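Student: I am attaching a structure below and will ask some questions about it afterwards.
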Amino acid sequence: MNGGSSPEPPRYNPIFEHFVPADRADDNVRGLIAYGLYKIAKREWSQGIQIRQGRQPNAAEREAYIATWTSSRLAGLEQQADATLAAFGSAVVEAAAPGIREDALRGTTSKAIGTSVAANAIYTLVLIAFALILYLAGIDLIGFVQKFRPPGG
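The structure is reproduced here in structure tokens:
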């Protein structure tokens with residue numbers, strides 16, 4: 003410790019803190035994309051100075067550049083990040099849709115056939131059991147049905 007004073011917190015770009023606050027750093031894809039878009043713009047700005055003046059920007063120029071990022075400009079980057087995420091999500095869904103559709107149709111047909119066969123087998127067994135119970139009870143089911151047959155048929 004230096005004379006009992008507390009250590010100075012690390013310095014980093016305040017734009018990063020805006021997009022990715024410490025309390026949401028683990029789950030903030032939108033903020034990370036927005037910060038990446040900011041870094042692209044900063045690189046373009048830095049390259050412009052290199053081309054025009056033949057040097058890299060100094061510390062004062064970098065601080066001034068950061069200060070030019072107003073709330074509305076930062077909000078614009080957040081909207082751009084939202085659009086990027088939406089486009090990515092849409093592309094992923096579009097790419098996966100044919101496979102999902104095919105799996106769903108294939109799975110549905112197989113399951114439907116299997117379910118129908120099982121249901122019909124159970125129904126047949128129930129009817130056989132019912133006829134057997136009636137037979138054991140002394141009820142002639144076939145004779146009963148023949149009573150309703152049209153004459154001469």
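Remember, our numbering sits 2 above the position in the sequence shown when you count from 1.
Note that CB positions come from ideal geometry on N, CA and C, so glycine has one too.
Treat the numbers as computed from the prediction; the structure is a model and nothing was measured.
For a minimum of 4 consecutive residues, which ranges assigned as the alpha helix (DSSP H) are wholly contained in the stretch 27–114?
Tutor: You should have 31–55, 61–69.
Student: Counting along the chain, where does the alpha helix (DSSP H) carrying Glu19 start and finish?
Tutor: In the sequence shown, the residue the question calls residue 19 occupies position 17. Per DSSP, Glu19 belongs to the alpha helix (DSSP H) from 16–21.
Student: Considering Gly154, what are the terminal residues of the alpha helix (DSSP H) in which it resides?
Tutor: Taking the sequence shown and counting its residues from 1, the one referred to as residue 154 is at position 152. Where Gly154 is concerned, there is no enclosing alpha helix (DSSP H), given that its DSSP letter is neither H nor E.
Student: For Ile2, which three-state DSSP category applies?
Tutor: One cannot answer for residue 2 here, as it falls past the ends of the chain, which runs 3 to 155.
Student: If we count the other Cβ atoms within 10 Å of its Cβ and call it buried at 16 or more, is Leu129 buried or exposed?
Tutor: If you number the sequence shown from 1, residue 129 lands on position 127. Burial call: exposed.
Student: So which of Tyr67, Ser74, Glu80, Arg57 has the shortest CA-CA distance to Val31?
Tutor: Here residue 31 refers to the residue found at position 29 of the sequence shown. Residue Glu80 is the option with its Cα nearest to Val31.
Student: Measuring CB atoms only, is the stretch 60–76 touching the stretch 12–21, in the sense that at least three cross pairs come out at less than 8 Å?
Tutor: Flag = yes, the stretch 60–76 and the stretch 12–21 touch.
Student: Residues in the same chain with beta-carbon distance under 8 Å from Leu87, minus the five sequence neighbours each way, listed in chain order, please.
Tutor: Walking along the sequence shown from the start, residue 87 turns up at place 85. Excluding sequence neighbours, Leu87 sits near Val31, Arg32, Ile35.
Student: Whole angstroms are fine: how far does the CA of Thr110 sit from the CA of Ile124?
Tutor: Working through the sequence shown from its first residue, we reach residue 124 at position 122. Working through the sequence shown from its first residue, we reach residue 110 at position 108. Those two C-alpha atoms are separated by around 21 Å.
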